[in-house]
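Engineer: So that you can map any letter, position 223 of the sequence shown is 950 in our numbering, and since no number is skipped, the others follow by simple counting.
Yeah, the Cβ is synthetic: ideal placement off N, Cα and C, and Gly gets one too.
Being a predicted model, the structure only gives us computed values, none of them experimental.
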Amino acid sequence: MTRVLVVEDEPQLVRALEINLRARRYDVDAAPDGETALTLAAANPPDAVLLDLGLPDMDGIDVMRTLRRWSRAPILVVSARSTSDEKVEALDAGADDYITKPFSMDELLARLRAATRRGDGGGPEPREPEPGSPARVSTPTFTLDLLAKKATRDGAPVRLTPTEWHLLEVLIRHRGRLVTQRQLLQEVWGPTYRTQSNYLRVYMAQLRRKLEADPSHPRYLVTAPGMGYRFEV
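Here it is in structure tokens:
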């Protein structure tokens, strides 16, 4: 069974998560603070992590950075912090998804299923690009190997989350053409997210920060205001 590490200091929420996850045949480890979470993760490596940022002993961002030194399991932040800057900081630190409290349990479970489908606890599985996608994209600034799921910028490795790879694959499949916000949201997150344009903007900004030479004036990941995005070749 898929092992989920829940890092949360609110006992009632932990209990609700444990009940719902175990009812769906997940193994669950729970930690009320960062130190316990890191100890549990080392002893029983999780396949996915649900991580609160406001922990009593350390910031969840520090927990995530420590986990990312050795684990590529999907990390879903579950936090009351809701500004774009806070979301970007979490994504920079290695989060694969960001869920704002209060949340729908059905939504959290759907995002967890999506995250674990995109990875196997050891990172995203290499797979053949979808029809119309090249196996490799090279620009003067960055290179993307869609088969091996490896990215470099100016020759240095860049870590992309499974969600970021999925966004890139959709855009590259339609390279040079507009992909609407609704289409991107539906293909990457599913039909229930077709109106979450703010959510999409956070991820696209993060991709530009990682890949573009000048993220504020992107050359390749281009916005069509009010409509969507396109990957320029």
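Give the straight-line distance between the Cα atoms of T879 and P942, rounded to the nearest whole angstrom.
Structural biologist: Going from the Cα of T879 to the Cα of P942 covers about 16 Å.
Engineer: Following the continuous beta strand (DSSP E) through Y926, name the residue where it begins and the one where it ends.
Structural biologist: Counting along the chain, Y926 falls outside any beta strand (DSSP E), though it belongs to the alpha helix (DSSP H) covering 924–938.
Engineer: May I ask you to report which of helix, strand or coil DSSP gives R792?
Structural biologist: In the structure shown, R792 sits in a helix (DSSP, three-state: H, G or I).
Engineer: I need the DSSP call for A844, collapsed to helix, strand or coil.
Structural biologist: It is Arg, not Ala, that sits at residue 844 in the sequence shown. Residue state, collapsed to three classes: helix.
Engineer: Could you check what DSSP says for L895 in three-state terms: helix, strand or coil?
Structural biologist: L895 falls in the helix class under three-state DSSP.
Engineer: With a CB to CB cut of under 8 Å and the five nearest residues on each side skipped, what residues in its chain are close to V915?
Structural biologist: T890, H893, L894, V897, listed in sequence order.
Engineer: Compute the Euclidean distance between the alpha carbons of H901 and V960, then round it to the nearest angstrom.
Structural biologist: Going from the Cα of H901 to the Cα of V960 covers about 11 Å.
Engineer: When you compare each of P738, L777, E737 to Y753 by their alpha carbons, which one comes out closest?
Structural biologist: The residue with the shortest Cα to Cα distance from Y753 is L777.
Engineer: Please report the residue range of the beta strand (DSSP E) in which L778 lies.
Structural biologist: First-last of the beta strand (DSSP E) with L778: 775–778.
Engineer: Please name the residue or residues paired with D754 in a DSSP beta bridge.
Structural biologist: Answer is R730.
Engineer: Taking the alpha-carbon positions, what's the A841 to M728 distance?
Structural biologist: Between A841 and M728, the C-alpha separation is close to 16 Å.
Engineer: Can you grab the Cα-Cα spacing for the pair F869 / G882, in whole Å?
Structural biologist: In a straight line, the C-alpha of F869 is about 8 Å away from that of G882.
Engineer: If you draw a straight line from the alpha carbon of G953 to that of S831, how long is it in whole angstroms?
Structural biologist: Distance between the alpha carbons of G953 and S831 is about 28 Å.
Engineer: For G903, is the classification buried or exposed, using 16 other Cβ atoms within 10 angstroms of its Cβ as the cut-off for buried?
Structural biologist: Its Cβ having fewer than 16 others within 10 Å, G903 is exposed.
Engineer: Return yes when at least one heavy atom of the ligand SAH lies under 6 Å from the C-beta of I802, else no.
Structural biologist: As presented, the structure is devoid of all ligands, the ligand SAH included, so that no description of it is given.
Engineer: Find out if the Cβ-Cβ distance for the pair D774, V734 is shorter than 7 Å.
Structural biologist: Cβ distance not < 7 Å, so D774 and V734 don't count as in contact.
Engineer: Can you tell me the Cα-Cα spacing of S865 and A758, whole angstroms?
Structural biologist: So the two alpha carbons sit approximately 42 Å from each other.
Engineer: Take R792 and list the residues in its own chain whose beta-carbon comes closer than 8 Å to its own, dropping the five residues that flank it on each side.
Structural biologist: Closer than 8 Å at the Cβ level, and outside the excluded window around R792, lie A820, G821.
Engineer: Could you tell me the alpha carbon to alpha carbon distance between V949 and V815, rounded to whole angstroms?
Structural biologist: Their backbone Cα atoms lie some 19 Å apart in a straight line.
Engineer: For P884, which of helix, strand or coil comes out of DSSP?
Structural biologist: P884: strand per DSSP, three-state reduction.
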